[in-house]
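Chains as they are written, first to last, in this note's numbering: chain A, 42 to 399; chain B, 257 to 593; chain C, -6 to 257; chain D, 474 to 767; chain E, 755 to 997. These notes are about the structure you will find just below.
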Amino acid sequence: QDKTIKIGALFPMSGPGSYFGTQDKQGVELALEQINQTGVNGYKFAVHYEDSACSPLPATQAAKRLIEQFKPDVIIGEECSDATLAVMPIVEQAKVPLLNAGSSSIKITQPGNPWTFRIMPNEVMQGINLAENAYRRMNARRAVLLFENTNAGIGNAQVFKENFTRLGGKVLAEIGFGRDVNDFTAIATRVAGLGEVDVIPTYTLEGQGLKITQALAQAGVTKGGGGNAIQIGTIWLPFGFEQKAGKAALGYIRIVQFDPTDARPVARNFVSAFKAKYNTEPTHLNAHAYDQIMLIADVVKRGGKDPETIREGLAATKNYSGVTGSVEFDKNNQNVKMDTIHYMETKPDMSWVSLKWN
Amino acid sequence: MSETVFAQQWLGKATSSRARFLGYLTAVAVIVTLPLVFNDTYWRTNLTVCAINVLLAIGLDFILGYAGQLNLGHSAFYGLGAYVSTLLIVKLAVPFWLAFVAGVAFAGLAGTFLSLFAVRLRGHYLAIASLGFAVIVHQILLNWISLTQGPLGIYGIAPPPALVVDGTVIADFRNLTAFFYLVAGFALLSFLLLSQLVRSPVGETLTAIREDEVSAASLGINAAAWKVFAFGVGSAIAGAAGCFYASFVGTLVPDAFFITEAFNILAMVIVGGMGTLIGPVFGAVLLTILPEVLRGLGDLRLVVYGAALTFVVLFIPGGMAQAANAVGERLWRRRSA
Amino acid sequence: MSATADGAAGEPLLRTQELQKNFGGVKAVSEISFDVPMGAIFAVIGPNGAGKSTLINLISGVYRPDAGSLSFDGVDLSTMPAHLRVRFGIARTFQKIRLFRQLTALDNVIAGFHVHHKIPAWQYLVHGAAFTADRRRCRDQAMQLLEFVGMSGRAHVPAGSLSYGEQRMLELARALATKPRLLLIDEPAAGLNAAEVDGLLDRIRSLRHGGTTVILVEHNMDLVMNVADRIMVMEYGRRLFEGTPAEVQKNPAVIAAYLGGELL
Amino acid sequence: MTTTIVLQQAINGIVLGSLYVLVALGLTLIYGVLVQINFAHADFVTLGAFAAYFFMHLVGLGYIPSIAVALIVGAAMGWLINASIFTPLRRKNNELLPLIATIGVSVMMQNLMLAWFGPIPYAFETEFSRHVIRFAGIFVSWQNVIIIVVSALTIALLYVFMKFTFLGKALRAVSQDRETAGLMGINPNFLIMLTFVIASALAGMGGAMLAPVLVLTPFAGTSVIVKAFAIVIIGGFGNVEGTILAGLIVGLIESYTTQFLNPGLIDIVVFALLLLMLAIRPTGLISERREENV
Amino acid sequence: MSALLEIAGLELAYGQVAVCRNISLRLDRGEIVALIGANGAGKSTTLRAIAGLLSPRRGTIAFGGRDVTALPSYERSKLGIALVPEGRRVFPFLTVRENLELGGFNSRKDPSTLKRRMERVFAMFPRLSERSSQNAGTLSGGEQQMLALGRAMMSEPQLLCLDEPSLGLAPIIVHDIFQTIRAINAAGTSILLVEQNARHAFETAQRGYVLQTGSVIASGSCATLKRDPRVQEAYLGRTATRR
Ligand SMILES: Nc1ncnc2c1ncn2[C@@H]1O[C@H](COP(=O)(O)OP(=O)(O)OP(=O)(O)O)[C@@H](O)[C@H]1O
Ligand SMILES: Nc1ncnc2c1ncn2[C@@H]1O[C@H](COP(=O)(O)OP(=O)(O)OP(=O)(O)O)[C@@H](O)[C@H]1O
Ligand SMILES: [Mg+2]
Ligand SMILES: [Mg+2]
């Protein structure tokens, strides 16, 4: 028989946002390949991609086109919070569940939308955790916030600030910058002029992140450059970042949700399959996309077969264990499990250790 | 050399008023039937986006094609219209149509402000000044977080209130078709008024300024004032487009009004054929629909789009209006021969 | 008040006093004072670079004078912008042709009616009877003006495609469309052959009969000497001489600086 | 706030400024001669950066030869695009068509590069970019020193070329009146091609110079182009001296805005300055006199 | 004498509109030939075709025995054809000196020759040397005309085509200009002269062609042409006959 579960994928495939889209697609393709070898409950999976361009209007158009022409049973994606937020009313009206991984804005699940689910911890969950660990375990009292001027950058920085100051820490400066900044020497110089700094929470993507880390080291602010400050950060940076950044990354402490050395079989299998297929190390984006498909497969196994039943299945998920951790949704459809959040620290030989702070 | 002018003659001046009347009737008929033909939400969405872009394109054409002011910052007025009206609604609970008027007026005023530069600057200096203006507006929207929410965005913006007469709902703008009728109707009205305006002495005056300001002044034309006027009108129309955009998409982030948007609008005007009003209408429709149609191409979509844009200007340099004109002329000649 | 050819009666239409204009170190116009009586044809001649066109530019408002004043029909013009002067009745042509090249000859002339439209504001948006009447009137008058300069056959040719001489005539027609009381013409005969100059001469005379005062800058002495009432000769920005054509032709300084052996 | 910091920011600003100037020069040249705003210029910069990257990593001859390769790739691409698109367009005698075509070319090039190189940023390290000179608490990387020196040299060469050589004068003549330039014995098409190729070569070379500084993705050039335009205008279109001055000013504004205000405000400050300057001097900082006798 | 310029059956058009049909003319080495005609007759158009600014629809242009019909303007300039175009066309934002230098573009490798020629131009038009570092666009009309002439002389061409060289010049200079033209001619340059001032043209040239609406309607020696009643009526005007 040829029953199919149709999955619509809204990924940014053009413009700078395609940074996410390409990696998402890799994860999805891997998952599909694995699932369709056997099928699930007699269902094959088919995915249709639409370029949602990381921007509200194009995302709306893409979502409507998906819904009208492909008629998906479930939609995964957008990475950018603005786009996800713009799409949410549309999926609600069309009654198709949306499974999101990478948008961190709290607004997506507060108040919840019955048709939208998120498996990644949102900005608040990450921020509270990071602030508390910085204050308690790292004994940090003075912080400088560096963040890109985007929804995610500002949102994450705000949450950190609130929680860090609530605990008694002090934020010396909040420095936001556009995505078009290339040279961070001026910013690093300014940070260097602020006196003693303990932690520098940094919220940017890989490209600018590299430049920042190198500039901070060059200015002698961070450990990598002979200073005392430690950069900390959330889920955004991929593995291999420290190799690219070199010595400058020394001492960088950051959260990862996907740990390629994770000993659980599901993670080990994913890593080896991914390397076999693509001949490179997987990133958290790959893993999240993979998990989205695999979670849907799990729901189908539990009886999901159309939008409504898939939505119910998603909501009923209990302790599903994916590559990026466990999944269980609260009443707002936010994943509440944080069990695979790891802290890791970059060592002098550019390897890293997991700090086991959870 | 004077390709656009010939197009103008054929499509503007030389057309009899009866032919124009028929044209408008056709336009109304087309607007009415379109959402009935394209009856899924995706295509109805595209139709509305087309209508919004038509507004943007004719507004820019009035500034660029008629007054000859190379404005690369049209996205700024679009954004200002959107933000001003939305903030009034969201923060001060101002009724939609009042906020609409305020958004239009504010965008118009911003245009007037920019035109103070246009009065003094020549050609490409104005182009970059207007580009700079658009960058500043975008950056202000981005950085004035306490007012605009910056990149955090504004969500859940309501559509215009339903049109209710005597307790019966005539048009509920949550309905895509009704929304399309609203925007398209407004665009048609704007087009009508603009086309009346450019076929009045105002059209000649603006053209004169475009061609040569010194000799325009020798005929008593106050170039500065007319440029201000053109900018004011064109940017106010863009402001209206912005108001519709916000309530249509329901989500407002500054990046929607990045300068690339201004380039898009400019491309619509040029591809359609500037200096005619009808050209930019077709340009807007083409360049809105084209990327959607190209979605099937996947990752190469924008490569093809870029190539298409290049080849359109390469092979129909006077824009679609001129191409239509040429075809029309050929047909006419054949008939009369 | 009817205009008289000798212009002796009444106030001068244009009066300039100690006009001065410098460009960097160049004194293009300095200490120029003269009166142009109503209805006169006043010619300004002088060697190349003497400052004649600059003078026209000062009167028409393209430049502001650095010093001195000028008044038109009793109104002080010194700081008035160019476009306003047109409303008072000053029009000009350009020595280096400046037509709207993409517009047809007819549209060029119609553009000249800018200050004379009689259309209620709302009819710009909703064309009514007054609008249609005004349009028709403009068109008819523009055709008449083209006829006047001998170009009715070229009405629908883009100005940029006209020959040099034709463009000169179109410049004149366009300036006349503003219905000037004072017409400033800068080298109207340049590029015309002798026969065509004769036609121009007739036209200028008939303008004067229609009551238009003319300031003429020209190097064609056939035209100047036959049409001008008074002539001012400039050299290096200054006035060298002023008088009737006969006086000018006899003046040795003028002959030495400007005329040469030409007319003797 | 120490003087060291003020000084350090001055150096940072000068580096940034030189970086922008390197991009702006080609723009000025193309505008100055062809009176064309080239939005695709940024993508030539990106292309140069990638050319240098791949040459260095695949051939392994070091950084300096890769700059030469980037220059050649830029020139070749410039020739190709000029011959296939802009030359036919220029014959149509409408200055806005090439403008739109440059937008089209830009979209095309960006997305082709996206298809080939992918969106994930490349890490381009050279033997110079990790090498830092420190002096009295002040630091600057060798790469940045090279950028400053190369921009200074290029500018000087271009200036001499435009102002003092016959070809330079011929270029300016072509920009003012192509037809009449032909009457003088100047081949306008050749000079136009030459201009475009030189500008593209400059962009390619600029790309190689900037690659270690940029976040190297197919969109890298776009991040500097808008400011390059600001510089071109502040300096006065087609004016080499003005471009240098404007570049340094913008660079300094950028580093001091970062220091004393917030980097988010950089664009606002730069473009507000641009508007202010245009309000006072509508033809740029060092303006050529562009009036005509009417 | 051999023909320097030989034009046969030239048909010229702007777009679709033909403005010259079947123009044939000939100019011998060392000659001054005048081309006269009413406004719009096609004189400037013919000169543009000779200089290579307009390619003919039909017909041939031979220069020095060589067919140059297909050559672009800059190649013709190298062969020794120079044109003083209608409307002066000086480079407005280059200085007077730079304009002149560009006139000598073909001899750019030879600075001393250029210098000598420039001095000659300055001697002829002292006004230009006073204004040598001023932008050409700010010159007065007549000064620009002098510059356009001087610029063409900088190339010391074999054939100098003059489109109304006296336009906008003061009478005293007009007189000199025609002296100069004769002097240039005496020094070996052949001249094709378009001039509205028919009297001057006939005095200066040896032979002439009369153009009317794009065709040659009369030609011959200037002495004969001057007596042609058609020419007298159409181009010499009342003032001429009056005198
Ligand atoms: N914008 C300017 N900048 C510098 N010099 C100028 C400018 N405009 C005019 N001049 C100079 O001023 C002088 C007077 O110029 P003007 O055009 O008034 O002369 P003119 O009498 O009209 O001469 P012509 O008969 O040759 O047209 C000239 O020498 C000219 O070079
Ligand atoms: N660029 C052009 N496009 C179209 N037609 C043109 C163009 N230039 C000239 N013409 C037409 O060609 C014809 C001949 O023009 P041309 O300039 O050769 O005349 P001319 O004999 O030089 O006249 P004049 O004495 O007025 O300079 C005219 O009818 C003119 O309208
Ligand atoms: Mg003059
Ligand atoms: Mg002519």
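Beta carbons are placed, not taken as given, at the ideal position from N, Cα and C, and that holds for glycine.
- Shown here, Lys288 of chain A sits in a helix according to DSSP, grouped into three states.
- Per DSSP, the continuous alpha helix (DSSP H) segment holding Met550 of chain D begins and ends at Tyr536 to Ile554.
- The C-alpha of Thr934 of chain E lies about 13 Å from the C-alpha of Gly942 of chain E.
- Assignment of Pro242 of chain A by DSSP, reduced to helix, strand and coil, places it in the strand class.
- A contact between stretches requires three or more CB pairs, one per stretch, nearer than 8 Å, and the segment 464 to 477 of chain B fails this requirement with the segment 305 to 319 of chain B.
- By the beta-carbon neighbour count (other beta carbons within 10 angstroms, threshold 16), Lys105 of chain A is buried.
- Taking all protein chains shown into account, Asp380 of chain A has fewer than 16 neighbouring C-beta atoms within 10 Å of its C-beta and is therefore exposed.
- In the assembly as shown, Thr301 of chain B is a buried residue. Its beta-carbon has 16 or more other beta-carbons within 10 Å.
- At least one C-beta of chain E is nearer than 7 Å to the C-beta of Gly184 of chain C.
- Relative to ligand 1, the beta carbon of Ala182 of chain C is positioned no closer than 6 Å to any heavy atom.
- Residue pairing by DSSP places Gln13 of chain C opposite C:Ala60 in a beta bridge.
- Chain D has a Cβ within less than 7 Å of the Cβ of Ala523 of chain B.
- Excluding its 5 nearest sequence neighbours in each direction, Ile319 of chain B has C-beta neighbours in its own chain below 7 Å: Gln325, Asn327, Ala486, Phe487 and Gly490, listed in chain order.
- In this structure, Val488 of chain D and Ile593 of chain D do not form a Cβ contact; the two beta carbons are roughly 26 Å apart against a cut-off of 8 Å.
- The C-beta of Ser471 of chain B comes closer than 7 Å to at least one C-beta of chain C.
- Selection A:Pro301, A:Asn163, A:Gln255 and A:Pro162 evaluated against Met385 of chain A yields A:Pro301 as nearest (Cα-Cα).
- For Ser894 of chain E, the nearest CB of chain C lies under 7 Å from its own CB, placing it at the interface with that chain.
- At least one heavy atom of ligand 2 lies less than 6 Å from the C-beta of Ser156 of chain C.
- The C-beta of Glu897 of chain E comes closer than 7 Å to at least one C-beta of chain C.
- Distance from the CA atom of Leu70 of chain C to the CA atom of Arg57 of chain C, rounded to whole angstroms, is 10 Å.
- Pairing Gly720 of chain D with Ile704 of chain D gives a Cβ-Cβ distance under 7 Å.
- Within chain D, the residues placing a beta-carbon under 9 Å from that of Arg91 of chain C are Val767, ordered along the chain.
- Here Ser386 of chain B is actually not in contact with Glu517 of chain B; their C-beta atoms are around 13 Å apart, not less than 8 Å.
- Only exposed fits Glu4 of chain C, as fewer than 16 other CB atoms lie within 10 angstroms of its CB.
- The residues Glu11, in chain order, have a CB closer than 6 Å to that of Glu24 of chain C in the same chain once the five nearest residues on each side in sequence are set aside.
- For Gln272 of chain A, the uninterrupted beta strand (DSSP E) segment begins and ends at Ile271 to Gly274.
- The three-state secondary structure of His89 of chain A, taken from DSSP, is strand.
- With its beta carbon less than 7 Å from one in chain C, Asn793 of chain E belongs to the interface.
- The continuous stretches of alpha helix (DSSP H) do not include Ser362 of chain A, which lies in the beta strand (DSSP E) extending over residues Tyr361 to Gly363.
- Of B:Leu336, B:Thr297 and B:Phe435, the smallest CA-CA separation from Phe504 of chain B is found for B:Phe435.
- When DSSP states are grouped into helix, strand and coil, Arg177 of chain A belongs to the helix group.
- Lys111 of chain C has its CB no nearer than 6 Å to any heavy atom of ligand 3.
- Taking a C-beta cut-off of 9 Å against chain E, the contacting residues of the segment 17 to 50 of chain C are Gly17, Val19, Ala21, Ile38, Gly39, Pro40, Asn41, Gly42, Ala43, Gly44, Lys45, Ser46 and Thr47, listed in chain order.
- Counting only Cβ-Cβ distances below 7 Å, Met657 of chain D has contacts in chain E at Ser831, Leu856, Gly857 and Phe859, in chain order.
- Distances taken from the Cβ of Thr934 of chain E to the heavy atoms of ligand 2 include none shorter than 6 Å.
- Runs of alpha helix (DSSP H) with 4 or more residues, each lying fully within the segment 449 to 501 of chain B, are found at 457 to 467 and 469 to 474, listed in chain order.
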